[in-house]
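Take the sequence shown: its position 285, counting from 1, is numbered 285 in UniProt numbering, and each next residue is one higher. Reading through the structure tokens given below for one structure.
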Amino acid sequence: MERQKASLTGGVMAAAITLFLWWQAIAGGAAAGSNNGPAGYAARAALINPAVLQVLLANKKVKVIDVRPPEQYQAGHIPGAINMGVSDYAGTPGTIPELGHLAAVLGKRGITNQDTLVLYAGNDKHGPAYSAHLWWLLDMAGHYKVKLLDGGLRAWETAGYGITDRAAAAAAGHFQIIGPETGKLAVMAEVLAAVEQPDPGTVILDVREWPEFAGAVQAPGAARPGRIPGAVWLYWADTLNGDQTLKTAGELKQLFAARGVTPDKRVIIYCQAGVRAAHTAYVLSELLGYKQVQNYAGSWAEWSRNRELPADSGRIAGQEQGGSPNLRQAAGL
1 MERQKASLTG GVMAAAITLF LWWQAIAGGA AAGSNNGPAG YAARAALINP
51 AVLQVLLANK KVKVIDVRPP EQYQAGHIPG AINMGVSDYA GTPGTIPELG
101 HLAAVLGKRG ITNQDTLVLY AGNDKHGPAY SAHLWWLLDM AGHYKVKLLD
151 GGLRAWETAG YGITDRAAAA AAGHFQIIGP ETGKLAVMAE VLAAVEQPDP
201 GTVILDVREW PEFAGAVQAP GAARPGRIPG AVWLYWADTL NGDQTLKTAG
251 ELKQLFAARG VTPDKRVIIY CQAGVRAAHT AYVLSELLGY KQVQNYAGSW
301 AEWSRNRELP ADSGRIAGQE QGGSPNLRQA AGL
């Protein structure tokens with residue numbers, strides 16, 4: 001009898017935990033992504049942990065997207081995940097991917113506007129940036145039911161969940177662009193205006209590697225070395241812990257405030273081609289709730305090609321060197 005009671009109690013507890021995780025996931029939170037969570041993120045934060053994803057997998061209106069290259073996906077992925085790498089939807093570095101093409105790619109993979117999407121990457125150097133870049137494009141397209149898996153595939157496996165090499169099969173669907181939100185995009189003319197007419201309420205934030213910012217190297221895809229005049233520097237991956245999970249809201253706010261990025265400021269973020277900048281835009285807008293955040297998607301690849309536009313180089317007092325010195329993977333980011 002005692003064993004039966006213990007079994008019944010354990011079953012009820014497991015069901016309660018499952019329901020709690022389900023409620024958190026559908027409500028848009030997650031253990032690490034709500035105001036009441038330990039990380040202290042903004043209420044709209046779309047960051048979930050592996051336990052929440054495990055619960056969501058039972059919901060047919062939740063689609064998981066693996067943003068890695070096909071060969072990595074084929075070697076092993078989260079069960080049911082659909083493969084959609086950046087090469088499937090991105091355009092030429094320094095140009096904005098065409099949203100109509102993105103919609104067609106999503107529809108071909110069985111994704112509709114009614115679906116909640118969970119994005120994850122591998123744990124290579126730029127993995128989190130690729131997930132965030134797809135989030136940013138979906139956000140621009142008016143699709144807000146998007147979550148990122150904190151820590152990517154490594155976090156999933158570390159939590160004890162399995163992977164498969166069986167590709168997910170899906171019937172074609174229909175995905176429609178719902179009113180592009182161009183206010184989240186900065187174009188060259190806007191950035192130039194911010195350079196020529198400096199405003200203490202606007203911060204131009206360069207999130208590339210330190211050698212790129214300082215003009216010490218010319219990364220692949222750039223027409224010349226340097227940075228946009230007046231920009232301040234913060235390496236995009238400094239927002240991550242060593243295991244590529246996101247730092248807490250308190251840590252992130254302190255990190256950005258040290259560069260003059262506060263909730264009252266307009267922030268224009270750029271990198272090489274808008275990918276790393278998209279990750280910073282995700283952190284600021286989704287996790288911290290900052291309202292005036294724009295990704296200059298053309299970034300340095302576009303700016304550097306126009307020789308009439310000004311450029312600076314060299315060190316800036318008070319900004320320490322950081323980031324990885326290896327730039328071989330920086331092309332197109």
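Think of the CB as a built atom: it goes at the ideal place given N, C-alpha and C, for glycine as much as any other residue.
Counted as a single uninterrupted DSSP element, the alpha helix (DSSP H) harbouring V275 occupies residues V275 to Y282.
Under the DSSP assignment, Q218 falls outside any beta strand (DSSP E); it carries neither an H nor an E label.
DSSP places T202 in the uninterrupted beta strand (DSSP E) bounded by T202 to D206.
With contacts defined by Cβ atoms closer than 8 angstroms, A172 and G110 form a contacting pair. A residue is called buried once 16 or more other Cβ atoms fall within 10 Å of its Cβ, and G298 is buried on that count. Counting along the chain, the unbroken alpha helix (DSSP H) around Y73 starts and ends at P70 to A75. Just so you know, the alpha carbons of K108 and A81 end up roughly 14 angstroms apart. Inter-segment contact for the region 148–156 and the region 199–218 is absent: fewer than three beta-carbon pairs are separated by less than 8 angstroms.
The Cβ atoms of L185 and Q292 lie no closer than 8 angstroms to each other.
Counting the other Cβ atoms within 10 Å of the Cβ of N49 gives 16 or more, which makes it buried. Going by DSSP, L234 is part of no beta strand (DSSP E) at all; its letter is neither H nor E.
If you look at D66, you'll find it in the beta strand (DSSP E) that goes V62 to D66. A straight-line Cα-Cα distance of about 43 angstroms links W233 and A170. Unbroken beta strand (DSSP E) runs of no fewer than 3 residues, entirely contained in the UniProt domain "Rhodanese" (58–165), are found at 62–66, 116–120 and 146–149, following chain order.
Taking the Cβ atoms as the reference, A141 lies roughly 7 angstroms from L102, within the contact range of under 8 angstroms.
In the structure shown, Q294 falls within a strand segment according to DSSP collapsed to helix, strand and coil. Leaving aside the five residues that flank H279 on each side, the residues in its chain whose CB is nearer than 7 angstroms to its CB run, in chain order, P128, A129, A132 and W236. Following the DSSP letters along the chain, one finds R227 in no beta strand (DSSP E), marked with neither H nor E. Sequence-distant Cβ neighbours of A223 in its own chain, meaning closer than 6 angstroms and more than five residues away, are S304 and R305. By the neighbour-count definition (other C-beta atoms within 10 Å, threshold 16), S87 is an exposed residue. Around the C-beta of I65, 16 or more other C-beta atoms lie within 10 Å, and the residue is accordingly described as buried. In terms of Cβ geometry, H143 and N113 form a close pair [threshold 8 angstroms]. In this model, G221 and A301 are separated by some 6 angstroms (Cα to Cα).
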